[in-house]
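Residue 96 in UniProt numbering sits at position 96 of the sequence shown, and the numbers go up by one each step. Okay, so here's the structure we're looking at.
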Amino acid sequence: MISSATIGPNGSLEAGTTADAFLGGRIEILQYKTGHRGGSDAVFLAAAVPARTGEKVLDAGTGAGTAGLCLLARVPHIDIAGVEIDKSQCALARQNAERNNCSSRFRVIEADVTAPGKVLGTAGLVREGYDQVMANPPFYGAGSVRAAADASRASAHVMPDGELERWVRFLTTMAGPHATLTLIHRAESLGPLLEVLKDRFGGLTIFPLFPRRGVPAARVIVQGRKNSRGRTRLLPGLVLHEDGGAYTAEAEAVLRSGAALSLDAPGA
1 MISSATIGPN GSLEAGTTAD AFLGGRIEIL QYKTGHRGGS DAVFLAAAVP
51 ARTGEKVLDA GTGAGTAGLC LLARVPHIDI AGVEIDKSQC ALARQNAERN
101 NCSSRFRVIE ADVTAPGKVL GTAGLVREGY DQVMANPPFY GAGSVRAAAD
151 ASRASAHVMP DGELERWVRF LTTMAGPHAT LTLIHRAESL GPLLEVLKDR
201 FGGLTIFPLF PRRGVPAARV IVQGRKNSRG RTRLLPGLVL HEDGGAYTAE
251 AEAVLRSGAA LSLDAPGA
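In structure tokens:
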């Protein structure tokens with residue numbers, strides 16, 4: 001990911017934003033200098049989504065659209081609905097879709113994923129209308145970290161009590177009968193995450209992301225299929241950095257070249 005200088009109107013960036021290159025420059029994302037900014041988590045999430053040509057994908061909490069647009073760079077002939085509660089992030093996501101020639105495939109919906117179903121339907125979301133549902137939910141529980149001064153950053157990183165279950169309930173409602181769910185979250189939150197997925201998604205695959213060899217995983221990607229009774233599998237995962245700090249070849253392939261992360265199809 002490479003940040004460019006901030007520039008002004010007429011083919012330039014609005015004040016307070018940067019243009020950041022992802023996937024070795026294949027896509028460029030406008031992001032605010034302060035507040036929530038997409039990074040490697042979004043790229044790894046997109047790499048793990050097993051979307052196929054013609055499918056409909058829901059990206060919950062899309063932010064500026066980083067994960068969805070990374071997915072479109074790898075699988076261009078899909079339709080993505082990116083849901084985001086923050087108005088300013090929605091505006092950036094729409095600009096980013098246009099900037100990367102994806103406006104016809106990436107639709108941004110301003111909505112709260114915890115809103116009642118009728119409200120979500122009015123916003124344009126379709127119950128059981130998506131083949132793939134993906135999300136990078138807020139990581140931290142209320143009170144577990146000091147809240148960020150920036151409201152956008154706070155809402156993107158801090159989840160009120162019970163919110164994770166409400167996010168998963170939303171994803172379950174929007175997922176088609178045999179849709180695939182892909183989430184990225186903190187490794188230490190794996191227990192609560194599996195608990196809220198229980199009886200909703202099965203055939204779960206857990207894919208850890210390790211900062212370096214010999215240290216605990218920092219992130220986990222969890223994937224499953226709606227209405228599946230398949231067993232849960234723990235995969236070896238991926239080491240991100242060599243001891244010297246450089247990315248491993250496998251991580252580099254995802255981050256710079258847009259390679260897919262194969263978690264295999266969850267059991268039916």
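Note that the Cβ used here is the ideal one computed from N, Cα and C, for glycine as well.
Its chain contains 210, 212, 213, 248 as the residues whose beta carbon lies nearer than 7 angstroms to that of residue 239, once the 5 sequence neighbours on both sides are disregarded; these appear in chain order.
For residue 179, the secondary structure class from DSSP, reduced to helix, strand or coil, is strand. For residue 49, no beta strand (DSSP E) segment is defined, and its DSSP state is neither H nor E. Nearest neighbour of residue 102 by Cα position, chosen from 130, 76, 54, turns out to be 76. Where residue 139 is concerned, there is no enclosing beta strand (DSSP E), because DSSP gives it neither an H nor an E. Where residue 84 is concerned, there is no enclosing alpha helix (DSSP H), although the beta strand (DSSP E) around it starts and stops at 79-84. Scanning its chain for C-beta atoms nearer than 6 angstroms, with the 5 sequence neighbours on each side dropped, one finds around residue 53 the residues 77, in chain order.
DSSP places residue 251 inside the alpha helix (DSSP H), whose first and last residues are 249-255.
A check of alpha carbon separations from residue 257 across 171, 74, 123, 135 identifies 74 as the nearest.
Shown here, residue 232 sits in coil according to DSSP, grouped into three states, outside any helix or strand. Contact annotation: residue 196 and residue 164 have beta-carbon atoms nearer than 9 angstroms. An exposed status is given to residue 215, since fewer than 16 other beta-carbon atoms sit within 10 Å of its beta-carbon.
Residue 62 counts as buried, since at least 16 other C-beta atoms from the protein chains shown sit within 10 angstroms of its C-beta.
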